[in-house]
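Read the structure below first, then the notes.
The following block contains the structure:
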């Protein structure tokens, strides 16, 4: 009953006319940005930060949450129509979505994606509403040692689940933390790594890094690849209608994948990409017609779409209740919240119920908009994919520039943006994952503070991190998350040699 | 002498960064009052971690994803200024120029010129559409930022 009353309170906030407009705008903008190959939810959210800067925190987060699910859904559109997933979380959708499009059933595939996203999102919001406050109550007992261990776990989980090299993931994370400590140490007033530059005394704004590493690096990468790849001819979209039999066929996969997606999203480091692949492979195994997966099976679109949207909502659980983002995308959201003056964590449910419940209620509304907006607009939105790539690249650059300059009014930051863009390009070319860097950048300062506070309490005794059971277990899980993939790889290598 | 692979070259560069970082960590002044943990501890931990990871990277065999893909030979055969890496360099120079000219000539002129110029340079030849889109988007952003969000953007040479 308490959850219901809180939700009604949240609806009171989310249904304010301005907030409805923000959700609508967020879902729309997210869908368009997510559709553009290469620009995923992280870039979409980073581009929105300057807009949300001056907003009420609840409205800002409502807008960004809309952008987030919009971007994930938008990614499905380019996956299905072009076989060019705009977002990693929609790669699995392209396995069956694109073959359906080639058979002239793109409309059907897009409609299934919209319905599945809606149901996946809605189911997981119910779980979020029930799970988050419980987790928040547990998290209140966390001290600095537990927080430090939790952040280490968040970082190692993101690194270990990346499809790139574990060592390179860890290097990216360390560099992220190194960037985060540039500036004046707030505990002692000592300057660190500022090279005497006054511009660096306040540290490097995460927006500069996020836009550089993701959006600008993507522009550079597309330039290296001949301006973003060759345009592909598209077939007609076809009808959006589903038959009764098709609805029955996809009902169970959507239900199962929604639940699986939510719990995958809750785990630090997992999120939409893993969720969608797990949903897809689970349905492929369970389906009687599993051999037709990859050739245009509608269940192969429904499962990953329900799972990725559910995982997006699930990833809000650690962010809102523990203040620890479980993915690069929620790390950007955390950064945006900090910019708006809100510190997410267990106390937020009590201290800022407007933000917490407003966001949850806005998720229901956002999902509804996603359905209402995307179904009729699918043919129209698809035309944006025809935008000439040279013009698109130039405009993305302008968005990056205004994003940075509008926030800091600093020419120095524009040059830093360029530097991070080139760093991001180098990382991309040499197989370094970018998500650990951005997550570490956000967590770095809080991690150091937690570590130092814990050591202050213990008088410099490092055993505080293993004396406390929660902290000890979190660190053990963190270590295992790094060791297990290596052990698995070693076993697989030994088997292959045998 | 065996040739170093891409991971080993990267590892050596990162090790150099780590050594430089550690050298600077030792120059961080101590806080006047004794504390269990001072400002230099965390940077030292980070520096040594990066050094250790560089060593691991040195020993790791590069996979396909660690080696940059070959660039399109047709793109490489283009005139020097239009080759893939030239595009990155010229875009970077354009950003530097934009940063330096933003305040003197103003946001609208600088951004429209950058957007129009880069789209033209990347190969878009419908100049009317290019100008209309560049100016339209920049003006929309400018008016949203200045009139709706009360964010000051330099007006420069235009009396806006």
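Chains as they are written, first to last, in my numbering: chain A, 100 to 597; chain B, 4 to 163.
Ideal Cβ placement from N, Cα and C applies to all residues, glycine included.
A quick note: this is a predicted structure, and the numbers were derived from the prediction, not measured.
For residue 128 of chain B, three-class secondary structure by DSSP = What you label residue 128 of chain B is simply residue 125 of the second chain in a count that begins at 1. Here residue 128 of chain B sits in coil by DSSP.
query = Can you tell me whether residue 441 of chain A is buried or exposed, with buried defined as 16 or more other CB within 10 angstroms of its CB?
reply = As a working mapping, residue 441 of chain A is identified with position 342 in the first chain. Residue 441 of chain A should be labelled buried.
inquiry  = Between which two residues does the alpha helix (DSSP H) holding residue 10 of chain B run?
reply    = To locate residue 10 of chain B, count along the second chain from 1; it is residue 7. Residues 9-28.
request  = Ignore the nearest five residues each way along the sequence and tell me which others in residue 16 of chain B's own chain have a CB closer than 6 Å to its CB.
outcome  = Taking the first residue of the second chain as position 1, residue 16 of chain B is located at position 13. For residue 16 of chain B, where only same-chain residues beyond five positions count, there are no Cβ hits under 6 Å.
inquiry  = Among B/110, B/20, B/84, B/10, whose alpha-carbon lies nearest the alpha-carbon of residue 66 of chain B?
reply    = Numbered from 1 along the second chain, position 63 holds the residue referred to as residue 66 of chain B. Checking every option, the nearest Cα to that of residue 66 of chain B belongs to B/10.
Nonlocal neighbours in the same chain, by C-beta distance under 6 Å from residue 302 of chain A, ignoring five residues either side = Taking the first chain and counting its residues from 1, the one referred to as residue 302 of chain A is at position 203. Same-chain partners within the cutoff: 281, 282.
key: N-terminal and C-terminal residue of the alpha helix (DSSP H) that residue 126 of chain A is part of   = The residue given as residue 126 of chain A occupies position 27 in the first chain. Here the alpha helix (DSSP H) through residue 126 of chain A covers 116-134.
task = Could you tell me which chain A residues have their CB closer than 8 Å to the CB of residue 82 of chain B, listed as they occur along the chain?
result = On the second chain, residue 82 of chain B is found 79 positions in, with the first residue counted as 1. Within 8 Å Cβ-Cβ: nothing; residue 82 of chain B doesn't reach chain A, min ~15 Å.
inquiry  = If we define contact as Cβ-Cβ less than 8 Å, is residue 246 of chain A a contact residue for chain B?
reply    = Position 147 of the first chain, counted from the first residue, corresponds to residue 246 of chain A. It does not: the Cβ of residue 246 of chain A has no partner Cβ on chain B nearer than 8 Å.
request  = Give, in chain order, every residue of the region 371-401 of chain A whose Cβ lies closer than 7 Å to some Cβ of chain B.
outcome  = Closer than 7 Å at the C-beta level to chain B, one finds no residue of the region 371-401 of chain A.
inquiry  = In the DSSP assignment, the alpha helix (DSSP H) including residue 79 of chain B goes from what residue to what residue?
reply    = Counted from its first residue, the second chain places residue 79 of chain B at position 76. Taken as a continuous stretch (DSSP letters only), the alpha helix (DSSP H) holding residue 79 of chain B covers 76-79.
ask   = Taking DSSP as the reference, what is the three-state secondary structure of residue 488 of chain A?
value = The residue given as residue 488 of chain A occupies position 389 in the first chain. In this structure, residue 488 of chain A counts as helix in the three-state DSSP scheme.
Continuous alpha helix (DSSP H) assignments of at least 4 residues falling wholly in the region 342-407 of chain A = 343-365, 371-385
query = So what does DSSP say about residue 282 of chain A, is it helix, strand or coil?
reply = Within the first chain, the letter at position 183 stands for residue 282 of chain A. If DSSP states are grouped into helix, strand and coil, residue 282 of chain A belongs with the strands.
key: Reduced DSSP category for residue 290 of chain A - H, G, I as helix; E, B as strand; rest coil   = For the purposes of this step, residue 290 of chain A is taken as residue 191 along the first chain, with counting starting at 1. The answer is strand: DSSP assigns residue 290 of chain A an E or B state.
key: Inter-residue CB distance, residue 251 of chain A and residue 278 of chain A (contact presumed, cutoff 8 Å)   = Within the first chain, the letter at position 152 stands for residue 251 of chain A. Within the first chain, the letter at position 179 stands for residue 278 of chain A. Their Cβ separation, rounded to whole angstroms, is 18 Å, which puts residue 251 of chain A and residue 278 of chain A out of contact at 8 Å.
request  = Kindly indicate if chain B contains any beta-carbon less than 8 Å away from that of residue 291 of chain A.
outcome  = Taking the first chain and counting its residues from 1, the one referred to as residue 291 of chain A is at position 192. It does: the Cβ of residue 291 of chain A has a partner Cβ on chain B nearer than 8 Å.
request  = Leaving aside the five residues before and after residue 459 of chain A along the sequence, list all residues of the same chain whose C-beta is less than 7 Å from its C-beta, in chain order.
outcome  = Counting from 1 along the first chain, the entry for residue 459 of chain A is found at position 360. Answer for residue 459 of chain A: 106, 109, 224, 227, 228, listed in chain order.
message = Using C-beta distances below 7 Å, list every residue in its chain close to residue 474 of chain A, excluding the 5 sequence neighbours before and after it, in chain order.
response = By 1-based counting over the first chain, the position of residue 474 of chain A is 375. Result list for residue 474 of chain A: 210, 213, 339, in chain order.
message = One question on the structure: do residue 46 of chain A and residue 122 of chain A come within less than 8 Å of each other, judged by their Cβ atoms?
response = What is shown of chain A runs 100 to 597, which leaves residue 46 of chain A out entirely.
ask   = So is residue 588 of chain A in contact with chain B if we call contact Cβ pairs under 8 Å?
value = Residue numbering aside, residue 588 of chain A sits at position 489 when the first chain is read from its first letter. No - not a single Cβ of chain B is within 8 Å of the one on residue 588 of chain A.
inquiry  = Let me check understanding here. Comparing Cα to Cα, which of A/588, A/392, A/518 lies closest to residue 376 of chain A?
reply    = Taking the first chain and counting its residues from 1, the one referred to as residue 376 of chain A is at position 277. Residue A/392 is the option with its Cα nearest to residue 376 of chain A.
key: Those runs of the alpha helix (DSSP H) which lie wholly inside the region 502-580 of chain A and span at least 4 residues   = 510-528, 534-557, 563-566
task = Return helix, strand or coil for residue 202 of chain A, following the three-state DSSP convention.
result = Translated into the one-based positions of the first chain, residue 202 of chain A becomes position 103. Note: residue 202 of chain A maps to coil in three-state DSSP.
Cβ pair residue 199 of chain A, residue 343 of chain A closer than 8 Å = Here residue 199 of chain A corresponds to residue number 100 of the first chain, with the count starting at 1. Here residue 343 of chain A corresponds to residue number 244 of the first chain, with the count starting at 1. No, the Cβ-Cβ distance between residue 199 of chain A and residue 343 of chain A is not below 8 Å.
request  = Kindly indicate which residue of A/266, A/175, A/562 has the alpha-carbon position closest to the one of residue 408 of chain A.
outcome  = As a first step, residue 408 of chain A is located in the first chain; it is residue number 309 there, counting from the start. Out of A/266, A/175, A/562, A/175 has the C-alpha closest to the C-alpha of residue 408 of chain A.
query = Mind checking whether residue 231 of chain A and residue 420 of chain A have CB atoms under 8 Å apart?
reply = Within the first chain, numbered from 1, the residue matching residue 231 of chain A stands at position 132. Within the first chain, numbered from 1, the residue matching residue 420 of chain A stands at position 321. The answer is yes: Cβ separation under 8 Å.
inquiry  = As an exercise, report each continuous alpha helix (DSSP H) stretch of at least 4 residues that is fully enclosed by the region 86-113 of chain B, in chain order.
reply    = 87-108
inquiry  = Counting only Cβ pairs nearer than 7 Å, list the residues of chain A close to residue 68 of chain B.
reply    = As a first step, residue 68 of chain B must be located in the second chain, where it is residue number 65. What residue 68 of chain B touches in chain A: 263, 530.
ask   = Alpha carbon to alpha carbon, what distance is there between residue 26 of chain B and residue 19 of chain B?
value = As a first step, residue 19 of chain B is located in the second chain; it is residue number 16 there, counting from the start. As a first step, residue 26 of chain B is located in the second chain; it is residue number 23 there, counting from the start. One C-alpha to the other measures close to 11 Å.
message = So the candidates are A/314, A/158, A/533, A/550; which of them puts its Cα closest to the Cα of residue 48 of chain B?
response = Start at 1 with the first residue of the second chain, and residue 48 of chain B comes out as number 45. Nearest C-alpha to residue 48 of chain B: A/550.
key: Contacting positions in the region 89-109 of chain B - beta carbon closer than 8 Å to chain A   = 90, 91, 94, 95, 98, 99, 101, 102, 103, 105, 106
query = Going straight from the alpha carbon of residue 510 of chain A to that of residue 120 of chain B, what length do you get?
reply = On the first chain, residue 510 of chain A is found 411 positions in, with the first residue counted as 1. On the second chain, residue 120 of chain B is found 117 positions in, with the first residue counted as 1. Each residue's alpha carbon lies about 20 Å from the other.
key: Under the three-state DSSP convention, the category residue 240 of chain A falls into   = Within the first chain, residue 240 of chain A is the residue found at index 141, counting from 1. The answer is coil: DSSP assigns residue 240 of chain A none of H, G, I, E or B.
ask   = Counting only beta-carbon atoms, is residue 22 of chain B nearer than 8 Å to chain A?
value = Position 19 of the second chain, counting from 1, holds the residue named residue 22 of chain B. Taking Cβ atoms only, chain A never reaches closer than 8 Å to residue 22 of chain B, which makes this a no.
request  = Taking only beta-carbon positions, decide if residue 567 of chain A is within less than 8 Å of chain B.
outcome  = Here the question's residue 567 of chain A lines up with position 468 in the first chain. No, residue 567 of chain A does not count as interfacial toward chain B.
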